[in-house]
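To start, the structure itself, in structure tokens.
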Amino acid sequence: MKKKGFLVGSILAILCAFVFGGAFTLKKKETAELKLKNAFEKKFYIGTALNAEQIMGNDAEAIKVVKAHFNAVVAENCMKSGMIQPREGEFRFALPDRFVEFGEKNGMHINGHTLIWHSQAPQWFFTDNKGHDVSREVLIQRMKNHIAAVVGRYKGRVHTWDVVNEAILDDGSWRKSKFYEIIGEDFIKLAFQFAQEADPEAELYYNDYSMANPGKRAGVVAMVEKLQKQGVRIDGIGMQGHIGLNHPSIEEFEKSIVAFSDLGVKVMITELDLTVLPSPGQNVGADVSANFEYQQKMNPYANGLPDSVSKAFNERYLQFFKLFLKHQDKITRVTLWGVNDGSSWRNGWPVRGRTDYPLLFDRKNKPKPVVKSIIQLAQQ
Numbered sequence: 001m002k003k004k005g006f007l008v009g010s011i012l013a014i015l016c017a018f019v020f021g022g023a024f025t026l027k028k029k030e031t032a033e034l035k036l037k038n039a040f041e042k043k044f045y046i047g048t049a050l051n052a053e054q055i056m057g058n059d060a061e062a063i064k065v066v067k068a069h070f071n072a073v074v075a076e077n078c079m080k081s082g083m084i085q086p087r088e089g090e091f092r093f094a095l096p097d098r099f100v101e102f103g104e105k106n107g108m109h110i111n112g113h114t115l116i117w118h119s120q121a122p123q124w125f126f127t128d129n130k131g132h133d134v135s136r137e138v139l140i141q142r143m144k145n146h147i148a149a150v151v152g153r154y155k156g157r158v159h160t161w162d163v164v165n166e167a168i169l170d171d172g173s174w175r176k177s178k179f180y181e182i183i184g185e186d187f188i189k190l191a192f193q194f195a196q197e198a199d200p201e202a203e204l205y206y207n208d209y210s211m212a213n214p215g216k217r218a219g220v221v222a223m224v225e226k227l228q229k230q231g232v233r234i235d236g237i238g239m240q241g242h243i244g245l246n247h248p249s250i251e252e253f254e255k256s257i258v259a260f261s262d263l264g265v266k267v268m269i270t271e272l273d274l275t276v277l278p279s280p281g282q283n284v285g286a287d288v289s290a291n292f293e294y295q296q297k298m299n300p301y302a303n304g305l306p307d308s309v310s311k312a313f314n315e316r317y318l319q320f321f322k323l324f325l326k327h328q329d330k331i332t333r334v335t336l337w338g339v340n341d342g343s344s345w346r347n348g349w350p351v352r353g354r355t356d357y358p359l360l361f362d363r364k365n366k367p368k369p370v371v372k373s374i375i376q377l378a379q380q
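Under UniProt numbering, the first residue of the sequence shown carries the number 1, and numbering increases by one thereafter.
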């Protein structure tokens with residue numbers, strides 16, 4: 001009897017080990033295979049920007065990452081006015097069409113970027129055939145025609161639009177762009193009105209960088225409040241997340257999330273990347289026109305990151321994702337500005353020829369250790 005009992009006990013022990021051990025292994029495997037978009041399900045969209053090579057399907061490995069980890073996409077460049085309408089009436093929709101089709105085919109949230117922006121706008125927008133500034137009426141009509149054509153083409157297909165990009169300076173004053181100089185402050189009101197007319201169902205956003213700066217925060221809040229009083233519909237504010245290892249402060253970034261949400265609009269983190277490189281100048285923000293001469297000391301990690309910098313990088317990303325999760329009731333989307341380190345604009349801005357490591361996937365499209373940490377954070 002004693003021997004028989006021992007035998008039965010051994011069999012039960014083996015069965016338990018198989019069942020519970022197998023379940024543990026399965027759970028461990030499921031956790032390891034969990035993707036970003038699944039981890040943030042029911043919290044907010046997790047998105048990425050696509051470049052031309054990715055949209056065309058020429059970067060197959062990057063596309064695998066996009067399909068596996070992201071459920072929202074934005075076109076990095078091909079929908080900007082200078083790219084989509086380089087000459088008046090000459091629209092180049094081939095690449096934007098492919099972008100929208102990719103998003104639809106993969107069931108993704110599609111964001112259009114950007115309708116009105118002083119940078120990467122075609123010169124013809126602002127001048128006549130003699131090179132002189134056009135009248136206020138002419139520029140307004142050109143804005144209307146452009147927005148109607150682009151938004152109208154993708155009506156019901158592009159879910160959200162960055163209608164106006166970067167109209168406020170860091171001190172809260174208006175950027176003296178050609179739109180502002182020729183039309184005045186009304187150019188923003190008109191842009192949102194034209195976009196709403198072209199697609200009443202699409203959500204319409206204002207997007208800007210350095211939004212954690214107190215001056216810019218106050219300026220954007222004042223602008224939006226004024227537009228709201230005029231009856232202009234603004235659905236959300238995009239906070240470009242171009243951050244560094246030491247700036248901006250988490251506290252100031254959080255103040256802006258709360259301040260913008262208090263306006264009764266949605267908040268998006270629209271262009272998230274984390275540079276590990278030294279800044280060559282003060283108050284550069286994310287001004288694409290900034291350009292500094294290459295110096296070797298400004299490119300310290302050409303052959304890889306030291307462990308100390310990798311650790312700081314991981315901790316910094318986790319701090320921000322903790323903040324995003326804390327305010328998931330306000331934030332509807334977090335979008336990385338690129339798929340992998342190799343395709344990031346940070347390698348060429350504001351100094352050309354540098355090697356940066358700003359994204360969640362490395363140059364071989366492998367997830368960095370912080371990806372697993374972010375997924376675990378989202379599951380808590």
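Glycine included, every Cβ here is placed at the ideal spot set by N, Cα and C.
Every value quoted in this text rests on a predicted model; they were computed, and no experiment measured them.
**OP:** Report, in whole angstroms, the separation of the C-beta atoms of Arg333 and His109, which I expect to be a contact under 8 angstroms.
**Re:** The residue given as residue 333 occupies position 333 in the sequence shown. The residue given as residue 109 occupies position 109 in the sequence shown. Arg333 to His109, Cβ: 7 angstroms. Contact.
**OP:** Could you tell me if Lys3 is buried or exposed, where buried requires 16 or more neighbouring beta carbons within 10 angstroms of its beta carbon?
**Re:** Here residue 3 corresponds to residue number 3 of the sequence shown, with the count starting at 1. Per-residue confidence for Lys3 stands at a pLDDT of 44, beneath the threshold of 50, marking its modelled position as unreliable; the derived number appears in the next sentence. Classification for Lys3: exposed.
**OP:** Go to residue 387, then tell me how far its beta strand (DSSP E) extends in each direction, as first and last residue.
**Re:** The chain is shown only over 1 to 380; residue 387 falls outside these bounds and no answer can be derived.
Original post:
If you drop the 5 nearest sequence neighbours on each side, which residues of the same chain put their C-beta closer than 6 angstroms to that of Glu33?
Top reply: Taking the sequence shown and counting its residues from 1, the one referred to as residue 33 is at position 33. Answer for Glu33: no residue qualifies.
**OP:** Please confirm whether any heavy atom of the ligand FAD lies closer than 7 angstroms to the CB of Gly264.
**Re:** Looking at this structure, you won't find the ligand FAD or any other ligand, since it has none at all.
Original post:
Is the region 263 to 283 close to the region 294 to 301, with three or more CB pairs under 8 angstroms?
Top reply: yes
**OP:** Please state whether DSSP places Phe125 in a helix, a strand or coil.
**Re:** Translated into the one-based positions of the sequence shown, residue 125 becomes position 125. Helix at Phe125.
Original post:
Got a sec, what are the start and stop residues for the alpha helix (DSSP H) Val158 sits in?
Top reply: Against the sequence shown, residue 158 aligns to sequence position 158. Note, Val158: premise wrong, no alpha helix (DSSP H); not H, not E.
Original post:
Helix, strand or coil: how does DSSP classify Ser373 here?
Top reply: By one-based count along the sequence shown, residue 373 stands at place 373. Ser373 falls in the helix class under three-state DSSP.
Subject >> Whole runs of the alpha helix (DSSP H) within the region 287 to 349, excluding any shorter than 4 residues >> reply: 307 to 326
Original post:
In whole angstroms, what separates the C-alpha of Ile331 from that of Ala222?
Top reply: In the sequence shown, the residue the question calls residue 331 occupies position 331. In the sequence shown, the residue the question calls residue 222 occupies position 222. Distance between the alpha carbons of Ile331 and Ala222: 20 angstroms.
**OP:** Take Ile269 and list the residues in its own chain whose beta-carbon comes closer than 6 angstroms to its own, dropping the five residues that flank it on each side.
**Re:** Along the sequence shown, one-based indexing puts residue 269 at 269. Cβ within range, chain order: Met239, Gly241 and Val334.
Original post:
Looking at the structure shown, is Val362 part of a helix, part of a strand, or coil, going by DSSP?
Top reply: Position 362 of the sequence shown, counted from the first residue, corresponds to residue 362. Per the sequence presented here, residue 362 reads as Asp, with Val not at that position. Coil.
Original post:
On the three-pair Cβ rule with 8 angstroms, is the region 347 to 354 touching the region 284 to 292?
Top reply: yes
Subject >> CB contact flag (Leu50, Val65, <8 angstroms) >> reply: Position 50 of the sequence shown, counted from the first residue, corresponds to residue 50. Position 65 of the sequence shown, counted from the first residue, corresponds to residue 65. No.
Subject >> Ile257: first and last residue of the uninterrupted beta strand (DSSP E) it sits in >> reply: Translated into the one-based positions of the sequence shown, residue 257 becomes position 257. First-last for Ile257: Ile250 to Ser261, but that is the alpha helix (DSSP H), not the beta strand (DSSP E).
Original post:
Near Arg87, what residues of its chain come up, given a Cβ to Cβ distance below 8 angstroms and the 5 sequence neighbours on each side ignored?
Top reply: Along the sequence shown, read from residue 1 onward, the residue named residue 87 stands at position 87. Excluding sequence neighbours, Arg87 sits near Pro122 and Trp124.
Subject >> Residue burial classification, Pro306 (beta-carbon count within 10 angstroms, cutoff 16) >> reply: Here residue 306 refers to the residue found at position 306 when the sequence shown is read from its first residue. In this structure Pro306 is exposed. Its beta-carbon is surrounded by fewer than 16 other beta-carbon atoms within 10 angstroms.
Subject >> Beta-carbon gap between Phe99 and Ile63 smaller than 8 angstroms >> reply: Taking the sequence shown and counting its residues from 1, one reaches residue 99 at position 99. Taking the sequence shown and counting its residues from 1, one reaches residue 63 at position 63. Not closer than 8 angstroms, so no.
Original post:
Helix or strand or just coil, what does DSSP make of Gly82?
Top reply: Residue 82 sits at position 82 when you count from the first residue of the sequence shown. Three-state result, Gly82: helix.
**OP:** Pick helix, strand or coil for Ala49, following the three-state DSSP scheme.
**Re:** Position 49 of the sequence shown, counted from the start, is the residue given in the question as residue 49. In this structure, Ala49 counts as strand in the three-state DSSP scheme.
Original post:
Anyone know if the C-beta pair for Arg217 and Ala149 falls short of 8 angstroms?
Top reply: Taking the sequence shown and counting its residues from 1, the one referred to as residue 217 is at position 217. Taking the sequence shown and counting its residues from 1, the one referred to as residue 149 is at position 149. Result no, Cβ atoms of Arg217 and Ala149 do not sit closer than 8 angstroms.
Original post:
Helix, strand or coil for Ile116 per DSSP?
Top reply: Your numbering for residue 116 matches position 116 in the sequence shown. Three-state result, Ile116: strand.
**OP:** Would you give the residue range spanned by the alpha helix (DSSP H) that Met223 belongs to?
**Re:** In the sequence shown, counting from the first residue as 1, residue 223 sits at position 223. Per DSSP, Met223 belongs to the alpha helix (DSSP H) from Pro214 to Lys229.
Original post:
Which whole runs of the alpha helix (DSSP H) in the region 165 to 193 are 4 residues long or more, in chain order?
Top reply: Qualifying alpha helix (DSSP H) stretches, in chain order: 178 to 183.
**OP:** Could you check the C-alpha separation between Ser344 and Leu272 for me, to the nearest Å?
**Re:** For the purposes of this step, residue 344 is taken as the residue at position 344 of the sequence shown. For the purposes of this step, residue 272 is taken as the residue at position 272 of the sequence shown. So the alpha carbons of these two residues sit roughly 11 angstroms apart.
Original post:
Can you tell which of Asn246, Ser249, Leu204 and Lys255 has the C-alpha that lies nearest to the C-alpha of Ile237?
Top reply: Against the sequence shown, residue 237 aligns to sequence position 237. Among Asn246, Ser249, Leu204 and Lys255, the Cα nearest to that of Ile237 belongs to Leu204.
Original post:
beta strand (DSSP E) containing Glu101: first to last residue?
Top reply: Numbered from its first residue, the sequence shown carries residue 101 at position 101. It is not in any beta strand (DSSP E) - Glu101 instead sits in the alpha helix (DSSP H) that spans Ala94 to Lys105.
Original post:
With C-beta atoms as the reference, is Ala378 less than 8 angstroms away from Leu318?
Top reply: Working through the sequence shown from its first residue, we reach residue 378 at position 378. Working through the sequence shown from its first residue, we reach residue 318 at position 318. Not in contact: Ala378 and Leu318 (Cβ atoms no closer than 8 angstroms).
Original post:
In angstroms, rounded to a whole number, what distance separates the CA positions of Val220 and Leu263?
Top reply: Taking the first residue of the sequence shown as 1, we reach residue 220 at position 220. Taking the first residue of the sequence shown as 1, we reach residue 263 at position 263. So the two alpha carbons sit approximately 10 angstroms from each other.
Original post:
Does the beta-carbon distance from Val232 to Gln296 come in below 8 angstroms?
Top reply: Walking along the sequence shown from the start, residue 232 turns up at place 232. Walking along the sequence shown from the start, residue 296 turns up at place 296. Contact: no.
Original post:
Which of the three DSSP states, helix, strand or coil, is assigned to Glu90?
Top reply: Taking the sequence shown and counting its residues from 1, one reaches residue 90 at position 90. Reduced to three states, the DSSP call for Glu90 is strand.
**OP:** Kindly indicate which three-state DSSP category residue 413 falls into: helix, strand or coil?
**Re:** In this structure the chain extends from 1 to 380, so residue 413 is not present and cannot be described.
**OP:** Just mark residue 381 as buried or exposed, buried being the case when its beta carbon has 16 or more other beta carbons within 10 Å.
**Re:** As shown, the chain starts at 1 and ends at 380. That puts residue 381 outside it, with no answer to give.
Original post:
Tell me which same chain residues have a C-beta within less than 6 angstroms of the C-beta of Asn213, skipping the five on either side of it?
Top reply: Translated into the one-based positions of the sequence shown, residue 213 becomes position 213. Here the set comprises Asp170.
Subject >> Contact set for Lys178: own chain, Cβ-Cβ below 7 angstroms, skip 5 residues either direction >> reply: For the purposes of this step, residue 178 is taken as the residue at position 178 of the sequence shown. Here the set comprises His118 and Phe126.
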